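Quick notes on the structure that follows.
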Amino acid sequence: MTALVSEAANAFAFGPFLLIPERQQLLRHQEPLRVGGRALDLLTALVQRPGEVVSKRDLIARVWPGLVVEEGNLKVNISALRRLLEDGGDPSGYIETVVGHGYRFNGAVRFVACRAAPPRLPSPARIDNLPALDRPLRGRDDTIASVLQDIEDSRLVSIVGAGGIGKTTVAAAVARQGAAAFERGARWVDLAALEDPALVPGTIADALRDSAGPAPPARLRTGPGWDHGVLLVLDNCEHLIAAVAACADQLLATTRQVKLLATSREPLSIRGELVRRLPGLALPPEPSTWLAAQPPAAAQALSAAQPLTAAQALSWPAVQLLVDRALAASDGFRLDDTNAADVVEICRRLDGHALAIERVARRLGTLGVAGTLDHLSRRFHMLDGHHEGPARHRTLTATVAASHDLLCAGEQALLRRLAVFDGPFRLADAREIGGGADMAGALVVDHIGQLVAKSLLVAEARDGEMQYRLTQLTRAFAMEQLIAQGELDDVRHRLAVLLPSVPRPSSKDAAT
Ligand SMILES: Nc1ncnc2c1ncn2[C@@H]1O[C@H](COP(=O)(O)OP(=O)(O)O)[C@@H](O)[C@H]1O
Ligand SMILES: [Mg+2]
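Whatever position you read off the sequence shown (first residue = 1), add 9 for the numbering used here.
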C-alpha cells in the first residue's frame, strides 16, 4: 500500500490490524474488534509515534482531556489493549512498558488510505454490550414495567435488593426494553470486578465515551461537552457506593440527557434517586395467611380442601424458576400433585431468592423433593457446592458473606445476634437482644436501619407496626457467625430471660 495524501491517510496498519481513528474502529483481518473508546484513543496516541516513549502524563492528557484521573485507569486500558493485540499472534507484545516513563509502541506501522469509509449508521437503540438474556425470565413483568416508568420519571433509578435476588437480571431486561427510547441506546457498566473507588469516574467516563461514538469527548467534569441520550446501567454498586454516588451526582449535574439505572444492595442515597426494592420471586401465599383472610365458614371448607396442585403451583414465578432449573439439571425430577406442596415449601424456605432457587434446583434430581426439604431444614450449606458464575455468587454463603463484609463491626454483631429470632421481631425486641454492654439502644436502631438499607434485613409493616425478619439464607449465615464468635449461649440466655414469650431457637437451628 502506498503512503497517502493527507485527507486519505486516515488509518494505521500493523500486523493483522487496521486502526481507523476517525471511525473509532480497530479491525483484525478486516473483522471489527470490540474495543472501548479510551483504549482506542490510547492505541492511536501510541501508534502515531511508533518506537517513541510516550509519557503517562501525555497519554492521560490526550485521552482524558480536562479530567483528573488515576494512573490505574491508564493501566486498565493498556491491559485491555494488550489482551486484544496478543490475540493477533504477536506474543512479544506491541505495547512495551518503559518503567518510570510511559509506554512505547513496537512494530512496523504503515499509514494507509481508507477511502471507502461507509457512512456511520444511526443506531437508535444500541444494546450491544448488554448482558445476554438467554434463559426465560420468570415473573418480574410488573417490576420491569414499573422500572421503565421510573426511568421516564427520574434520571436515577436504583434497583436495590439482596445479593442473588435478581437485580442484574431485571436491569438487563429493563435496559433492553428501554434502550430504544434513548438516542444512543443503553450502555452496561459492570462494577463488580472494580476494587479501587478511584477508578470509578474513569470507568464511567469510558462507558459514556463508548456510547458516544467517535465524535464528542467525554468531559465528565467540565460538561456540557458530552450530553447525549443514553441509559447508563451501573451494575453492582454496593462495594463502591460512595464513589459511585459522588460520580452519579456529578454526572446528573453536568448533563441533561444521560439517565442512570443502578443495581446495588443499598441505595446510592443522593438527590433525585428513585429506589425500587426487589423482593424475592412471587410464591403462593402461606396457607395460614390466606385462610385467615377468608370468612370463617369458607376457611373451614378451604382448609379441608385439596392442597395445592402442580398446575396451581406452576403459576407462581418462584416455582417456575425452580422447575426450569431442576429439569435442565436432571431428568430425575418431576413436578406432580403429590410433591407440589413440598416444592412450594422449598421455594418458601428460600424466600423466593432466585440464586438460592437455582442452586437448590440442581440437587432436586438427586436428593429428591423430600430429601432437599430435609437438607434445607438442617443445613443450607449442603446446597452450596458450585463452581460457576462470579465469585460472589459461587456459593449461597458467599452471597451473604459479600454483604456481611461491607458492614461495620457493630452491624455485624447485631446481625449475628438477630439470628436467635426464629421469625419476625420488633425494634424493641432487637434492642433487648442486640444491645448490651457493647451496644447502646440508640446504636441498635441505627444498625437496624443500615441492615435494612443494605438488604440484609427485611422490614414489613404488620398490623400498623414495623416488623423485621432475616431471610432463611441470611439467618443461617448469621447463626454460624454467632456460634463462631462463641455468643450463642449468651444471646439465647438473654432471649429466654428478657423475652420469654419469643420462641427460642431449637437445637436444630443452632446446628446449622
Ligand atoms: N426473574 C428471573 N427469572 C429467571 N432467572 C432469574 C430471575 N432472576 C434472577 N434469575 C437468576 O438468578 C441468578 C441471580 O440473579 P442476578 O440477577 O444475578 O442477581 P443479583 O444481581 O441480585 O445478584 C442468575 O443466575 C439469574 O439468571
Ligand atoms: Mg447482580
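We put the CB at the ideal spot given by N, CA and C, even for glycine. Treat the numbers as computed from the prediction; the structure is a model and nothing was measured.
**Study point:** Residues bridged to Ser167 [DSSP beta-bridge criterion]
**Key:** For Ser167, the pairing in a beta bridge is given by DSSP as Ala271 and Val284.
Review point. Do you know how far the Cα of Ala370 is from the Cα of Thr404?
Key: So the two alpha carbons sit approximately 14 Å from each other.
Review point. Based on the DSSP secondary-structure assignment, which residues constitute the bridge partners of Pro41?
Key: Under DSSP, the beta-bridge partners assigned to Pro41 are Leu36.
Check your understanding: Residues bridged to Thr106 by DSSP?
Key -> Bridge partners of Thr106: Tyr112.
Check your understanding: Would you report the Cα separation of Leu236 and Arg265, rounded to the nearest angstrom?
Key -> The residue you asked about is not Leu; residue 236 is Asp in the sequence shown. When rounded, the distance between both Cα atoms is 7 Å.
Point to revise | Integer Cβ distance of Leu292 from Cys246, believed to fall under 8 Å | key: With 8 Å as the limit, Leu292 and Cys246 do not qualify as a contact, their Cβ atoms being about 28 Å apart.
**Study point:** Option nearest Val63 by Cα separation, candidates Leu330, Gly109 and Ala410
**Key:** Checked all of Leu330, Gly109 and Ala410; the closest Cα to Val63 is Gly109.
Point to revise | Closest by C-alpha distance to Ala141, when choosing among Arg147, Val500, Ala184 and Ile104 | key: Ala184 is the residue among Arg147, Val500, Ala184 and Ile104 whose C-alpha sits nearest the C-alpha of Ala141.
Check your understanding: Met488 bridges to which residues according to DSSP?
Key -> Bridge partners of Met488: none, in fact.
Check your understanding: Which residue's Cα is closest to the Cα of Arg503: Ala493, Ala428, Ala462 and Gly458?
Key -> Check the Cα spacing between Arg503 and each of Ala493, Ala428, Ala462 and Gly458: the tightest is with Ala428.
Practice item. On a CA-only basis, which of Thr272, Pro30, Asp383 and Pro276 is nearest Ala182? Give me that one, please. Key: A check of alpha carbon separations from Ala182 across Thr272, Pro30, Asp383 and Pro276 identifies Thr272 as the nearest.
**Study point:** In chain order, each alpha helix (DSSP H) run of at least 4 residues that lies wholly inside the region 409-465
**Key:** With a minimum length of 4 residues, the continuous alpha helix (DSSP H) runs that stay inside the region 409-465 are 418-427, 436-443 and 450-462.
**Study point:** Proximity of Glu441 and Leu508 at Cβ, strictly below 9 Å
**Key:** Using a Cβ distance threshold of 9 Å, Glu441 and Leu508 count as a contacting pair.
**Study point:** Rounded C-alpha distance that separates Thr152 from Thr178
**Key:** The straight-line gap separating the alpha-carbon atoms of Thr152 and Thr178 is approximately 11 Å.
Review point. Taking any heavy atom of ligand 2 as the mark, which residues have a C-beta closer than 7 Å to it, listed down the chain?
Key: After applying the 7 Å Cβ criterion, the set is Lys176, Thr177, Asp244, Asn245 and Thr272.
Practice item. Would you check if there are 3 or more beta carbon pairs closer than 8 Å linking the region 47-57 to the region 17-29? Key: As far as the Cβ criterion goes, the region 47-57 touches the region 17-29, which means the pair count is three or higher.
Review point. Residues in its own chain within less than 7 Å of Gly532 by CB, not counting five upstream and five downstream?
Key: A query on residue 532 cannot be resolved here, the shown segment of the chain reaching from 10 to 521 and no further.
Check your understanding: When the Cα of Arg91 is compared with those of Asn82, Ile104 and Leu83, which residue comes out closest?
Key -> Looking at the Cα atoms, Ile104 is the closest of the given residues.
Practice item. Mind checking who Val242 pairs with in its DSSP beta bridge? Key: In DSSP, Val242 forms a bridge with Trp197 and Leu270.
Exercise for review: Inspect the beta-carbon positions of Leu416 and Leu465 and report whether they are closer than 9 Å.
Suggested key: With contacts defined by Cβ atoms closer than 9 Å, Leu416 and Leu465 form a contacting pair.
Check your understanding: How about Leu203: is its Cβ closer than 8 Å to a heavy atom in ligand 1?
Key -> No.
Practice item. Return the CA-CA distance between Asp258 and Gly495, expressed in angstroms with no decimal places. Key: Rounded to whole angstroms, the gap between the alpha carbons of Asp258 and Gly495 is 43 Å.
Review point. Under the DSSP definition of a beta bridge, which residues are partnered with Glu474?
Key: Per the DSSP secondary-structure output, Glu474 pairs in a beta bridge with Arg471.
Check your understanding: Got a sec? Which residues, its chain only, sit under 7 Å from Arg47 by beta carbon, not counting five neighbours each side?
Key -> So the list reads Val72, Asn86, Asp215 and Arg218, once near-sequence residues are dropped.
**Study point:** For Ala20, the three-state DSSP class (helix, strand or coil)
**Key:** The answer is strand: DSSP assigns Ala20 an E or B state.
Review point. Does at least one heavy atom of ligand 1 sit under 8 Å from the Cβ of Val253?
Key: Outside the cutoff, so no.
Exercise for review: Whole angstroms is fine: what's the gap from Phe191's alpha carbon to Asp162's?
Suggested key: Between Phe191 and Asp162, the C-alpha separation is close to 14 Å.
**Study point:** Between the CA atoms of His38 and Arg372 - distance to the nearest angstrom
**Key:** Distance between the alpha carbons of Arg372 and His38: 46 Å.
Exercise for review: Mark Gly60 as exposed unless 16 or more other C-beta atoms lie within 10 angstroms of its C-beta, in which case mark it buried.
Suggested key: Its Cβ having fewer than 16 others within 10 Å, Gly60 is exposed.
Exercise for review: Check Arg265 in the structure and name its three-state DSSP category.
Suggested key: Reduced to three states, the DSSP call for Arg265 is coil.
**Study point:** Contact under 9 Å by Cβ, Val169 with Arg286
**Key:** Their beta carbons are under 9 Å apart, which means Val169 touches Arg286 by this criterion.
**Study point:** Beta-carbon proximity list for Arg135, same chain, < 8 Å, skipping 5 on both sides
**Key:** Within the same chain, Ala188, Arg193, Gly194, Ala195, Arg196 and Ser220 come within 8 Å of Arg135 by CB-CB distance, once the 5 residues on both sides are set aside.
Practice item. Whole angstroms is fine: what's the gap from Arg58's alpha carbon to Phe114's? Key: Taking the straight line from one Cα to the other gives about 7 Å.
Practice item. Could you say which of Gly341, Val352, Ala449 and Ala154 lies nearest to Ser324 if we only look at CA atoms? Key: Nearest C-alpha to Ser324: Val352.
Check your understanding: From which residue to which residue does the alpha helix (DSSP H) around Val85 run?
Key -> Per DSSP, Val85 belongs to the alpha helix (DSSP H) from Glu80 to Glu95.
**Study point:** Where Val62 sits in the DSSP three-state scheme
**Key:** Val62: strand per DSSP, three-state reduction.
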